[in-house]
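Line order of the protein sequences matches chains A and B. Sequential numbering of the first sequence, starting at 255, is according to the working numbering. Sequential numbering of the second sequence, starting at 568, is according to the working numbering. All C-beta atoms, glycine included, are put in the ideal place defined by N, C-alpha and C.
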Amino acid sequence: MKFGVVVFPGSNCDHDAFHAVGTVLEKPVEFIWHQSENLAGFDAVILPGGFSYGDYLRTGAIARFSPVMRAVEKFARSGGLVLGICNGFQILCEAGLLPGALMRNTGLRFICRHVHIRVENTATPFTSEAQRSQVLRIPIAHAEGNYRCDDATLVELKRHDQIVFRYCAPDGSLDPAANPNGSLDAIAGICNRQRNVIGMMPHPERAVESELDSTDGLVVFRSLIVSLERLPAAKVS
Amino acid sequence: MLETEIKITPRLVAEHGLTPDEYARILKILGREPNFTELGVFSVMWSEHCSYKSSRIHLKRLPTQAPQVLQGPGENAGVVDVGDGLAAAFKMESHNHPSYVEPFQGAATGVGGILRDVFTMGARPIAVLDSLRFGSITPQPGLAPEIVARNRRLLDGVVRGIAHYGNCFGVPTAGGEIAFEPGYSGNPLVNVLALGVAPKDKLFFAKARGAGNPVIYVGAKTGRDGIHGASLLASAEFTEESQQKRPNVQVGDPFLEKLLLEACLEAMATGAVVAIQDMGAAGLTSSSCEMASRGGLGIDIDLDRVPQRETSMTAYEMLLSESQERMLLVAERGREQEVLAVFSKWGLDAVEIGRVTGDRLMRVRHRGRIAAEIPAQPLADQAPIYDRPRAKPSRPATAAPRVPLAPPGTDLTQKFRHLLAAPAIASKRWVFEQYDHMVRTNTLAVPGAADAALVRLKGTRRALALATAGNGRWCALDPRTGAMHAVAEAARNVAAVGARPWAATNCLNFGNPEKPEVMWQFSEAVDGIAEACRALNIPITGGNVSFYNDTLGQSIDPTPILGVLGLLEDASRAVKMAFRTEGDLIILLDGRGSAASPTTVSGAANSDALLEFSSSEYARTVAGVVGGTPPAIDLAAESRLIETLVALAAQRLVSSAHDLSDGGLAVALAESVFASSAGEGGFSAEVALRSDVAAAAELALFGEAGARAIVSAPQAALAPIERLAAQWGVAAQVIGRVTRGLFQLSFDGASVLSDNPASLRAIWAGAIERAVLEGAAE
């Protein structure tokens, strides 16, 4: 089992994801340079948070054209597990691996704080170890996390159970006041229809050690590990 | 007309901010008249900002030696040994004038500049703190609404600028403080402190070695931005025309800086880098002549090779440009390809623009001619040093108004609510949530959760604590005492989390040093810092002086900001401020011990206690009075309290710790209550005070005497706490309990303050956001 953490110019949560997987969960992990076009040997790929390519033009808009993203697309099509966190989620949307887009927060400001999110779907490789409706306390840190898609896409997302996390109150209720960025339908994370690609704005890698206030992010990484142990290795051409 | 043909006239010299005496000195160093380019080079290097010409003789009085100091003042940042083979590099710098002229870019480039100072040393930045000062953001009698609106815009722009740069760069903005005083309306203060860590044996210095070694320019291209930023913006008073200096403010690109960080650290790891310095104030000029001067060598650069983003730039413009995100490094001859390859990997310009020479000259070539040729060491180090006249201001502090005290038994709840809503006291959540304070996953206490920012050092059990402090209101009344309080408070903050104060940096913000009163304030403040640092055994490892904080002839309150770094050997023993368990005892620690007897209430109008109370936040906000004196300081008491706090944390005896500062005991208690409701808890406090603490209820609740802290602990820990405190000569008095009920304070048996903690919290939590949004709605 080997994890890869992609390093784009401007990624700045790459070390954090690396630390969570390698040091906290003690699984093999390597950095993948953005110019790499070969993901052979990796079983799961993390697109970390940060400001890839300065997020110039639009968040994730330039990163999607980097060589590594061609490889990530292939990897995803062949069933490889891809976790996009924050900027990684934005890149996955830009790359068309996930539907929709992430717009400016409604308050038009960067927000860094712990929020509560509810697990809406446990039938994904990223949430299999969670309980349905389990409430996780995980930090967000973004200025563009306001998820948007058109009505037809939202209907599709719901029909195929692709909404994985929603922002919620501490007791798990959906409360508009608990939605930090104005996301449509309080969406905090979604997956593709095949369930092997997920994007989420909250940072699970920041919530894996008790001294950092919360360990609720562990469930995402534990699910991933359990899923990889169960799944045959992804076929990468 | 070619620059070399521009005639040097007395007027041109004056326009460059150089005096006739300074010009005579230049003639002597060169043995001839400077050309226009050389005049520009001297003017920036000898500006107040770069040369410290008015402050040097005073700064010598600061204590800088201690066994843990690896690098004292004079380098890009100070460095101390923090154990386990690691070194911490840290420094604070101001970006006041640029932030007033252009708040977003001014603050952003302030962050960028200090980050470069730290990673230039080979240290990866792990935390940033900001010490900010603004004019009032709430309506005040006698203050024009447009001034209040402008202050709000400045706050908003500065916060956005800091967020923009730090968030993208990927360093947690983990703490700092903000204060609001009328004197900063025309001159806000933006002081940024950056902390980095590196292996102790892998530090880099800005000292050129080896004649013949190549000089390599890396990072952003040079443009015309920021020319004379150091000399004209930072080293002169503000006037009506200052807004026209917006083009002198640099524009920052945090993405480029992030690439520069990664590339520099990677290039350093090759072992082929001999010396490195960032191009900050005075850009290419200061980095090249300072590296040469420190190494006792010369430098020869060719401007035609410098990457440029504009065409037809003159030598003068290129040498004085303050374009951001640039570095100059010296590589080992024969290994330059290793360095160039790293920068190429990160997509950055890296060009050999010259070489180190043995002739001690800074020689600059441009278009086939020598554009400048100046002895490097005199240029970098022989700026004139001034012992400017000093004069104590005539206004006697004792003539200041006094706070009228409420009659005994008065309910103080409404006054307390008023105090909690004051921006200086209110929660700074609206500000720090715009900063990514968690990136790199080392932040053990989010802003507002503990007295100091606390970042762990991965791979060790250690953590570093950092706090900034500085009270301009107190320094205006008595700069020496006020400066001592700044040291003491920052040290107390660090100790409250359990860390031992280890080293300090400073940023000294003052008015025009050519005014004798300002120079007196400065000298007094330096003496105060020196005395406090000696008493608390804290070496100063560097800092920054910002003079000319004057707008339209009005100087700011003298504002020395101290940043104290603390070392916590076992991060798991860190202590935060939140109350944690119902029923815990609340204990007031007073380093003054039994000496802390209250002054008598009879004839209180003339007592020292009342004079001291007149300079408090309560006096200003609730009574509308600013005067008197800062609280008397007892450095031995501060030292005893610090030792006690560190020992209490090390022995895991306390559940929480919080020092007493702005707003006194009542505010400290409230903050420990409010912090507890951020997570699961939601506690309150019931506290009974007696007149053996202070002569009157208001003095007891809101007085700001130093050397005090509140801790909470289970009953079982009381005896060991008392023993430990007694051992250090610190008074430990149980004053109340952590509860789940009303927030209640009594004085001599009579209730003086009682309210619902959630209601109090709501006032405190939203005050700043309400003030700023009100501004946006106007």
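- Using alpha carbons as the reference points, say which of Ser1223(B), Ser1182(B), Gly1195(B), Gln1088(B) lies closest to Ser1279(B). If you number the second sequence from 1, residue 1279(B) lands on position 712. Among Ser1223(B), Ser1182(B), Gly1195(B), Gln1088(B), the Cα nearest to that of Ser1279(B) belongs to Ser1223(B).
- Task: For Ser477(A), name the three-state secondary structure that DSSP assigns.
- Result: Here residue 477(A) refers to the residue found at position 223 when the first sequence is read from its first residue. Three-state result, Ser477(A): helix.
- Does any residue of chain A bring its CB to less than 8 Å from the CB of Gly1170(B)? As a first step, residue 1170(B) must be located in the second sequence, where it is residue number 603. For Gly1170(B), the predicted structure reports a pLDDT of 45, less than 50, and the residue's modelled location is therefore unreliable. A value from the coordinates is still provided. Not one chain A Cβ lies under 8 Å of Gly1170(B).
- Does the pairing of the segment 1308-1318 of chain B with the segment 1245-1264 of chain B give three or more beta-carbon distances under 8 Å? yes
- Item | Residues near Leu351(A) by beta carbon distance below 6 Å, same chain, minus five either side | In the first sequence, the residue the question calls residue 351(A) occupies position 97. Contacts found: Ala330, Val451.
- Query: What's the call for Met255(A), buried or exposed, on a 16-neighbour Cβ count within 10 Å?
  - Reply: Counting from 1 along the first sequence, the entry for residue 255(A) is found at position 1. With fewer than 16 other Cβ atoms within 10 Å, it is exposed.
- Mind checking if Ala236(A) is an interface residue toward chain B, Cβ cutoff 8 Å exclusive? Because chain A here runs from 255 to 491, residue 236(A) falls outside it and cannot be looked at.
- Item | Neighbour flag for His237(A) against chain B, beta carbons, 8 Å | Residue 237(A) lies beyond the residue range present for chain A, which begins at 255 and ends at 491; the question has no answer from this structure.
- Flag this pair as yes or no: are the beta carbons of Pro956(B) and Ala1043(B) separated by less than 8 Å? The residue you call residue 956(B) lines up with position 389 of the second sequence. The residue you call residue 1043(B) lines up with position 476 of the second sequence. No, they are not a contact pair.
- Task: May I ask you to report which of helix, strand or coil DSSP gives Phe609(B)?
- Result: Along the second sequence, read from residue 1 onward, the residue named residue 609(B) stands at position 42. Note: Phe609(B) maps to helix in three-state DSSP.
- So which residues of chain A does Arg1007(B) contact, with C-beta pairs closer than 7 Å? For the purposes of this step, residue 1007(B) is identified with residue 440 of the second sequence, where counting begins at 1. Within chain A, the residues near Arg1007(B) are His269, Asp270.
- Task: Check the DSSP bridge columns for Arg358(A) and list the partner residues they point to.
- Result: Within the first sequence, residue 358(A) is the residue found at index 104, counting from 1. DSSP, once it has assigned bridges, lists no residue as partnering Arg358(A).
- Item | Whole-number beta carbon distance between Asp820(B) and Glu892(B), since they are thought to touch under 8 Å | Translated into positions along the second sequence, residue 892(B) becomes position 325. Translated into positions along the second sequence, residue 820(B) becomes position 253. At roughly 6 Å, the Cβ-Cβ gap stays under 8 Å, so Glu892(B) and Asp820(B) are in contact.
- Can you pull the chain A residues whose beta carbon is under 8 Å from the beta carbon of Gln1001(B), in chain order? Taking the second sequence and counting its residues from 1, one reaches residue 1001(B) at position 434. Arg363, Phe364, Ile365, Cys366, listed in chain order.
- At a cut of 8 Å, does the segment 783-798 of chain B reach the segment 703-718 of chain B through at least three beta carbon pairs? no
- What's the C-alpha gap between Ser666(B) and Val759(B)? Mapped onto the second sequence, residue 666(B) falls at position 99. Mapped onto the second sequence, residue 759(B) falls at position 192. Near 12 Å, if we compare the C-alpha coordinates of Val759(B) and Ser666(B).
- Have a look at Glu1098(B) and Arg592(B) and give me their C-alpha separation to the nearest angstrom. For this step, residue 1098(B) is matched to residue 531 along the second sequence. For this step, residue 592(B) is matched to residue 25 along the second sequence. Whole-angstrom Cα-Cα distance: 35 Å.
- Less than 8 Å between the CB atoms is what I'm expecting for Arg476(A) and Thr1008(B), so what's the real figure, rounded? On the first sequence, residue 476(A) is found 222 positions in, with the first residue counted as 1. On the second sequence, residue 1008(B) is found 441 positions in, with the first residue counted as 1. In fact, because the Cβ distance is near 18 Å, the residues do not count as touching under 8 Å.
- Item | Where Gly750(B) falls: helix, strand or coil (DSSP) | Position 183 of the second sequence, counted from the first residue, corresponds to residue 750(B). Gly750(B) falls in the helix class under three-state DSSP.
- Would you call Phe772(B) buried or exposed, if buried means 16 or more other Cβ atoms sit within 10 Å of its Cβ? Mapped onto the second sequence, residue 772(B) falls at position 205. Buried, because 16 or more other Cβ atoms sit within 10 Å of the Cβ of Phe772(B).
- Task: Spell out whether any CB of chain A is found under 8 Å from the CB atom of Glu1341(B).
- Result: Stepping through the second sequence from its first residue, residue 1341(B) is reached at position 774. It does not: the Cβ of Glu1341(B) has no partner Cβ on chain A nearer than 8 Å.
- Item | Closest residue to Leu770(B) among Ile794(B), Asn1073(B), Val685(B) (Cα-Cα distance) | Counting from one through the second sequence, the residue named residue 770(B) turns up at place 203. Comparing Cα positions, the closest option is Val685(B).
- Task: Can you give me, in chain order, the residues of the segment 895-917 of chain B that have a beta carbon less than 9 Å from any beta carbon in chain A?
- Result: Lys912, Trp913, Gly914
- Tell me, please, which residues DSSP counts as bridged to Ser1113(B). One-based indexing of the second sequence puts residue 1113(B) at position 546. The partner list for Ser1113(B) (beta bridge, DSSP) reads Asn1076(B).
- Query: Can you list, in chain order, the residues of its chain whose CB lies under 6 Å from that of Ala1284(B), leaving out five sequence neighbours each side?
  - Reply: Residue numbering aside, residue 1284(B) sits at position 717 when the second sequence is read from its first letter. The answer, listed in chain order, is Leu1220.
- Residues from the segment 259-292 of chain A in contact with chain E, defined by Cβ distance under 7 Å: In the structure shown, chain E does not exist; the protein chains are A and B.
- Item | Per-residue burial, Trp1069(B) [other beta carbons within 10 Å of its own, 16 or more giving buried] | Indexing the second sequence from 1 puts residue 1069(B) at position 502. Classification of Trp1069(B): buried, given that the 10 Å Cβ count is 16 or more.
- Nearest residue (CA-CA) to Ala294(A), options Leu301(A), Ser332(A), Thr313(A), Glu280(A): Here residue 294(A) is taken as the residue at index 40 of the first sequence, counted from 1. Among Leu301(A), Ser332(A), Thr313(A), Glu280(A), the Cα nearest to that of Ala294(A) is on Ser332(A).
- List the endpoints of the continuous alpha helix (DSSP H) containing Lys627(B). Mapped onto the second sequence, residue 627(B) falls at position 60. Neither: Lys627(B) is in no alpha helix (DSSP H) and is coded neither H nor E.
- Task: Could you check if Ala711(B) is buried or exposed, using at least 16 other CB atoms within 10 Å of its CB as the buried criterion?
- Result: Numbered from 1 along the second sequence, position 144 holds the residue referred to as residue 711(B). The residue is exposed, with fewer than 16 neighbouring Cβ atoms inside 10 Å.
- Taking Cβ-Cβ distances below 9 Å as the criterion, which residues of the segment 1127-1148 of chain B are in contact with chain A? Ala1138, Ser1139, Ala1141
- Could I get the ranges of all uninterrupted beta strand (DSSP E) runs contained in the segment 261-319 of chain A, with 3 residues as the minimum, in chain order? 283-287, 298-301
- Query: Considering only residues of the same chain and omitting the five flanking positions on each side of Thr1167(B), which have a CB-CB separation below 8 Å?
  - Reply: Locating residue 1167(B) in the second sequence gives position 600, counting from the first residue. With a pLDDT of only 45 at Thr1167(B), under 50, the local geometry of the prediction cannot be trusted, and the value read off the model is given with reservation. Counting only Cβ-Cβ distances below 8 Å, and skipping sequence neighbours, we find Ser1174, Ala1262.
- Of the residues that make up the segment 727-738 of chain B, which ones have a beta carbon closer than 9 Å to any beta carbon in chain A? Arg727, Ala730, His731, Asn734, Cys735, Phe736, Gly737, Val738
- Query: Considering Cys366(A), what are the terminal residues of the beta strand (DSSP E) in which it resides?
  - Reply: Position 112 of the first sequence, counted from the start, is the residue given in the question as residue 366(A). Unbroken beta strand (DSSP E) run through Cys366(A): 365-373.
- Status (buried if at least 16 other CB within 10 Å, exposed otherwise) for Val480(A): Numbered from its first residue, the first sequence carries residue 480(A) at position 226. Result: exposed.
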